[in-house]
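Worksheet: the structure to be examined is printed underneath.
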Amino acid sequence: GSARYTAAVRMSRERGVQVAFESSLNGVAVNLPPPLAKSAGEPRLLRVALVQGEGEGRDRISLGYGPMLRAELLRRREGDAMVVDRSAVAFNPPAGGRLRLPARADSTLVYGTLERLELDRWTALLERAGGSAEALQATSFELSIGTLDAFGRRMQDIAVRARVRAGGWRASLSSAEIAGDVDYEAA
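The numbering used here numbers the first residue of the sequence shown as 55 and each following residue consecutively.
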C-alpha cells in the first residue's frame, strides 16, 4: 500500500543535522506477527528521527510505532561507518519518558510489557529472514507478557529476564505455569 508522510530536515551550527519522518501508515498493511501487525485500514503513527550529536562522531536514531513501541539507537563513528554503540527497544513505555539504555557499550536492551507474544512466529520469521542468534548477541530482555506462545506451549502472566551471549543464552522465568532459570549452550 501507500501512505502519506511528512519529512523535515533542519541544519544549524549549534545542533547539527536533524531529520524527522512521520506517517500514519494508513493504507499500509504490516504483515508481522503480533503485536506489530496491522491492517491497511488501521492507522498507526510511525515516527523516525535522526539527530546528529556533538561533532560528527555521534548520532541518535529514535523510532516510535504507535504507543506500543519506541526504540533508540546511539551510534558512533568507526572509520568511515556509523556503528550502533547501544540501543533500547521498549514495548508500551510510559508516554513522554526517556528510554532506558543499557549501561554497557555494544549492547541492546529490550524491555516493557506485552499483552501477547507469539515467540514461535517471531523465531520462524527471523530464520526465514536469514537472521541468527548471533545477531542478538549482547541483548538483554526484561519483559512482562500476558500470554506467551513459545515452544508449542501457552503460558500466562509470565515475567522474562534473559541475556543472549556468545554461544547461548540464559533466562529467568516466572509465572504460574513455569518458574526457574534456564541456560542454553549451542552445540
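Glycine is no exception: its CB is placed at the ideal position from the N, C-alpha and C atoms.
Predicted model only: the values in this text are computed from it and were never measured.
- Item | Contact between the segment 172 to 184 and the segment 209 to 227 (3+ Cβ pairs under 8 Å) | no
- Message: For a quick check, are the C-beta atoms of R140 and P121 less than 8 Å apart?
- Response: no
- Leaving out the 5 sequence neighbours to the left and right, which residues in its chain are closer than 6 Å to E76 when beta-carbon positions are compared? T60, R101
- Do L153 and R124 have their C-beta atoms closer together than 8 Å? yes
- In three-state DSSP terms, what is D235? strand
- Where do the N-terminal and C-terminal ends of the alpha helix (DSSP H) with L168 fall, by residue? Here L168 belongs to no alpha helix (DSSP H); instead the beta strand (DSSP E) covers 161 to 172.
- CB contact flag (L163, Y119, <8 Å): no
- Task: Classify V143 as buried or exposed, calling it buried when 16 or more other Cβ atoms lie within 10 Å of its own Cβ.
- Result: buried
- CA-to-CA distance, G206 to A94, given in whole angstroms: 30 Å
- Message: Rounded to whole angstroms, what is the Cα-Cα separation between F195 and S226?
- Response: 10 Å
- Beta carbon of A167, beta carbon of S198: below 8 Å? Residue identity differs from the one stated: residue 167 is Thr in this sequence, not Ala. Yes, Cβ-Cβ distance for T167 and S198 is below 8 Å.
- Leaving out five residues on either side along the sequence, give the residues of the same chain with a beta carbon under 6 Å from the beta carbon of D237. R224
- Per DSSP, G118 is paired with what? R101, R124
- Query: Tell me which same chain residues have a C-beta within less than 8 Å of the C-beta of T193, skipping the five on either side of it?
  - Reply: S161, T162, L163, V164, R217, V218
- Message: Applying the 10 Å Cβ sphere with the 16-neighbour rule, what's the burial state of L127?
- Response: buried
- Task: Work out the CA separation of D235 and G222 for me, nearest whole Å.
- Result: 14 Å
- Query: Just the Cα atoms here: how many angstroms apart are V137 and R64?
  - Reply: 23 Å
- Query: Between L79 and A57, is the Cβ-Cβ spacing less than 8 Å?
  - Reply: yes
- Query: Which value, in whole angstroms, describes the spacing of the CA atoms of D134 and Q106?
  - Reply: 16 Å
- Which two residues bound the contiguous beta strand (DSSP E) that contains S78? First-last for S78: undefined, no H or E at that position.
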